[in-house]
Amino acid sequence: MSVQWFPGHMHATRKALAERLKTIDVVIELLDARLPGSSANPLLAELIGERPTLKVLNKEDLADPARTAQWLAHYNAQARTRAIALHAHTPGPARALVAECRRLAPHRGGMVKPLRVLIAGIPNVGKSTLLNTLLGRRAAKAADEPGVTRQEQRVALADDVYLYDTPGLLWPKIVVPESGDWLAASGAVGRNAYDEELVALALLRVLQADYPDRLQARYRLPQTADAIAAMPADELLAAIGRKRGALLAGGRLDPHKAGEVLLADFRAGALGRITLETPERYAAWREAALQAEARRQAERAARRPVPAGPRPRRPSAAEGGPAVPPDPGS
Ligand code: G4P
């Protein structure tokens, strides 16, 4: 699916972020534990560069624990990187953040060299919730919507630890098509930017492959898990829609509404703890998407007309050329 969502004010956000990063010791990158690869903003990775990074897999209460463990191992094997999983509403684990940041920048701390931490993440990943939990109060939202304050805010997590909050940073183009679907399914993308039915069908295909028993239990489907896994996705969505009364006048199925039902259940965790990607699967999607993009660019370059070179000089009559003056209009 193609989702385009880089409003003009994002360029200003990006610039402000690049400026702030110059004085930052540790970056906390907040990810959605159900889609860690897809919720990582490549633009942010580019801006972070070599800075120590704490990857926080938030909403772990909604994610598949076995896959969360895989992602944590994947990130913890990377240089200058630590990773933890969190449920942003729970205070104890949230406080572990500060200890992890200190570990990443042991040379900072104390009143003379306070630890400066920046937190960034895509919209709806749970940044405000985490800040509220960390601060024990209602923190103002540094929102990504136009019209709401887009200023960064600085809060003290300890006497010598400052946290800079930034508005959500979107990215200009989602290269991995699966990522567009998962971002929409998770609620990170505004509803007008995608088609609910198409996103629900993409989600359903993964659920069929990885969690068919959950579909069976949630929607009380008569088929076995194996049969559910083998069904065409549109038929399965129709069966779910009928079970949940997603009908138009006259009793016809409303596939759009059926899609909404599935997406709402996924977002609320009603299908159980689900993670849509593993590190290996995400790497394969990304590789395929990059290759497809390279092919598209090569095809575009091949179609481009060859630029006209300088016009060949007309040989003079002495050189054997025609003995007529050049056309004044040429
Ligand atoms: P943002 O600042 O990054 O945009 O996200 P925000 O904190 O507003 O969180 C977006 C939604 O995700 C909220 O739900 C919030 O409660 C939920 N959320 C955040 N962290 C977690 C988590 O670790 N686990 C779960 N299960 N949910 C989380 P909402 O329905 O939009 O708002 P609300 O009614 O809960 O306030």
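Just so you know, we're using full-length UniProt numbering here: the sequence shown kicks off at 1 and counts up by one.
Idealized CB from N, CA, C, for every residue including glycine.
The structure displayed is predicted, hence computed values, not measured ones.
Between which two residues does the alpha helix (DSSP H) carrying residue i extend?
{"i": "ASP181", "result": "177-186"}
{"i": "THR68", "result": "65-76"}
{"i": "LEU130", "result": "127-135"}
{"i": "LEU276", "result": "Taken as a continuous stretch (DSSP letters only), LEU276 belongs to no alpha helix (DSSP H), as it is neither H nor E."}
{"i": "LEU157", "result": "Run containing LEU157: none in the alpha helix (DSSP H); it sits in the beta strand (DSSP E), 153-158."}
{"i": "GLY259", "result": "255-268"}
Would you mind stating whether residue i and residue j have Cβ atoms separated by less than 8 Å?
{"i": "GLU152", "j": "THR166", "result": "yes"}
{"i": "LEU46", "j": "ALA85", "result": "Looking at the sequence provided, one finds Glu at residue 46 rather than Leu. Contact: no."}
{"i": "ARG242", "j": "GLY187", "result": "no"}
{"i": "PRO222", "j": "HIS74", "result": "no"}
{"i": "ALA120", "j": "LEU169", "result": "yes"}
{"i": "LEU54", "j": "ARG82", "result": "yes"}
{"i": "PRO255", "j": "ALA270", "result": "no"}
{"i": "ILE48", "j": "VAL26", "result": "no"}
{"i": "ARG205", "j": "ASP265", "result": "no"}
{"i": "LEU35", "j": "ARG14", "result": "no"}
{"i": "ALA63", "j": "ALA18", "result": "no"}
{"i": "ALA88", "j": "GLY126", "result": "yes"}
{"i": "LEU198", "j": "VAL189", "result": "no"}
{"i": "LEU253", "j": "ALA200", "result": "no"}
Can we count residue i as close to the ligand G4P, meaning its CB is less than 7 Å from some heavy atom?
{"i": "LYS88", "result": "Looking at the sequence shown, residue 88 is not Lys but Ala. Within the cutoff, so yes."}
{"i": "VAL125", "result": "yes"}
{"i": "THR166", "result": "no"}
{"i": "LEU62", "result": "yes"}
{"i": "SER128", "result": "yes"}
{"i": "GLY136", "result": "no"}
{"i": "GLY269", "result": "yes"}
{"i": "LYS113", "result": "no"}
{"i": "ASN41", "result": "no"}
Among the options, which has the Cα closest to the Cα of residue i?
{"i": "ILE122", "options": "ASP61, LEU253, ARG154 and GLY37", "result": "GLY37"}
{"i": "PRO114", "options": "HIS74, ALA156 and HIS87", "result": "ALA156"}
{"i": "LEU207", "options": "ASN192, LEU236 and LEU247", "result": "LEU236"}
{"i": "ALA202", "options": "ARG252, ALA292 and GLU178", "result": "GLU178"}
{"i": "LEU130", "options": "LEU44, LEU97 and GLY110", "result": "LEU97"}
{"i": "VAL161", "options": "ARG191, LEU198, ARG103 and ALA200", "result": "ARG103"}
{"i": "TRP285", "options": "GLU19, ILE174, THR90 and ASN124", "result": "ILE174"}
{"i": "ASP213", "options": "PRO305, ALA184 and ALA229", "result": "ALA229"}
{"i": "MET111", "options": "GLY126, ALA99 and ASP159", "result": "ASP159"}
{"i": "ASN124", "options": "GLY245, LEU135, LEU30 and ALA105", "result": "LEU30"}
{"i": "ARG191", "options": "GLU260, ALA209, GLY92 and ARG252", "result": "GLU260"}
Which residues mark the beginning and the end of the beta strand (DSSP E) in which residue i is found?
{"i": "LEU31", "result": "26-32"}
{"i": "THR53", "result": "53-58"}
Given the structure, does residue i come close to the ligand SAM, in the sense that its CB is under 7 Å from one of the ligand's heavy atoms?
{"i": "ASN192", "result": "The ligand SAM is not among the ligands present in this structure, which contains only the ligand G4P."}
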